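Data block below; observations after.
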Amino acid sequence: MLDREGFRPNVGIILLNNKSQVFWGKRIRTHSWQFPQGGIKYGETPEQAMFRELHEEVGLHPEQVRILARTRDWLRYEVPEQFIRRDARGHYKGQKQIWFLLQLVGRDCDMNLRATDHPEFDAWRWNEYWVPLEVVIEFKRDVYQMALTELARFLPRTNHHNRYLRSGMRPHHRLDGPAGPGRRRGAPGEPADAGALESGGEHAG
1 MLDREGFRPN VGIILLNNKS QVFWGKRIRT HSWQFPQGGI KYGETPEQAM FRELHEEVGL
61 HPEQVRILAR TRDWLRYEVP EQFIRRDARG HYKGQKQIWF LLQLVGRDCD MNLRATDHPE
121 FDAWRWNEYW VPLEVVIEFK RDVYQMALTE LARFLPRTNH HNRYLRSGMR PHHRLDGPAG
181 PGRRRGAPGE PADAGALESG GEHAG
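Using full-length UniProt numbering, you'd call the opening residue of the sequence shown number 1 and step up by one each time.
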């Protein structure tokens with residue numbers, strides 16, 4: 001389902017733990033890392049699509065999270081032609097997304113990457129809030145920055161990241177430090193591998 005400009009309605013999910021670290025998933029059988037996301041089906045609201053994608057990709061149920069905020073408007077990004085399926089070229093231009101900021105109220109062990117027969121991720125870790133900007137594939141970087149920046153003011157008050165938003169600065173983090181609580185070893189914060197990205201997250205989610 002594309003709009004008149006060729007953008008596919010989609011939702012993105014920023015899931016926080018109690019330290020305001022964000023869920024970061026490795027796409028199955030690739031070296032691509034990203035936030036959970038997926039298309040909005042005909043007749044679904046963005047919130048309904050978000051809860052469906054949350055279960056399909058992360059295995060969580062609505063009662064295991066709390067919605068903290070969502071973006072006010074659609075955030076768009078264009079997909080380079082080489083990453084678009086050949087049969088969609090000329091029609092599909094990219095994604096327009098509503099982003100949700102969620103707080104995990106369940107436990108790490110509630111996550112189940114194989115909740116469906118078609119898993120999207122095969123590993124995950126907790127990252128500091130701004131780290132995804134350093135490692136996401138380039139054509140998604142602007143939309144990630146817009147979503148993270150807009151939603152940063154809704155982070156729990158005890159979190160220190162709001163000061164970067166007020167100052168207009170973004171912190172830089174090392175990606176080679178030791179794994180912290182809840183981080184999955186063997187799942188480093190690698191740059192996204194563009195190879196298989198659009199085959200799942202963009203057209204099958």
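Cβ atoms here follow ideal geometry from the backbone N, Cα and C, with glycine treated the same way. Here the structure is a predicted model, which is why all the values come from computation and not from measurement.
Test item: CB-CB of residue i and residue j under 7 Å
| i | j | result |
| --- | --- | --- |
| phenylalanine 7 | glycine 90 | no |
| phenylalanine 139 | glycine 25 | no |
| phenylalanine 35 | glycine 12 | yes |
| alanine 115 | histidine 55 | yes |
| arginine 157 | glutamine 103 | no |
| alanine 147 | leucine 75 | yes |
| isoleucine 14 | leucine 113 | no |
| leucine 16 | phenylalanine 154 | no |
| tyrosine 129 | valine 22 | yes |
Supposed close pair residue i, residue j - CB separation, criterion 8 Å
| i | j | result |
| --- | --- | --- |
| arginine 70 | isoleucine 40 | In fact, because the Cβ distance is near 13 Å, the residues do not count as touching under 8 Å. |
| glutamine 64 | glycine 38 | Between glycine 38 and glutamine 64 the Cβ distance is about 18 Å, and since that is not below 8 Å, they are no contact. |
With 16 other Cβ atoms within 10 Å as the buried cut-off, status of residue i
| i | result |
| --- | --- |
| isoleucine 84 | buried |
| methionine 50 | buried |
| proline 9 | buried |
| asparagine 127 | buried |
| tyrosine 42 | exposed |
| aspartate 3 | exposed |
| proline 80 | exposed |
| valine 143 | buried |
| proline 132 | buried |
| methionine 1 | exposed |
| glutamate 5 | exposed |
| arginine 27 | buried |
| arginine 125 | buried |
Beta-bridge partners of residue i, as assigned by DSSP
| i | result |
| --- | --- |
| proline 9 | Lys96 |
| glutamine 103 | Leu16 and Arg66 |
| leucine 121 | In the sequence as presented, leucine is not what sits at residue 121; that position holds phenylalanine. For phenylalanine 121, which the question treats as bridged, DSSP gives the partners Arg27. |
| arginine 76 | Lys96 |
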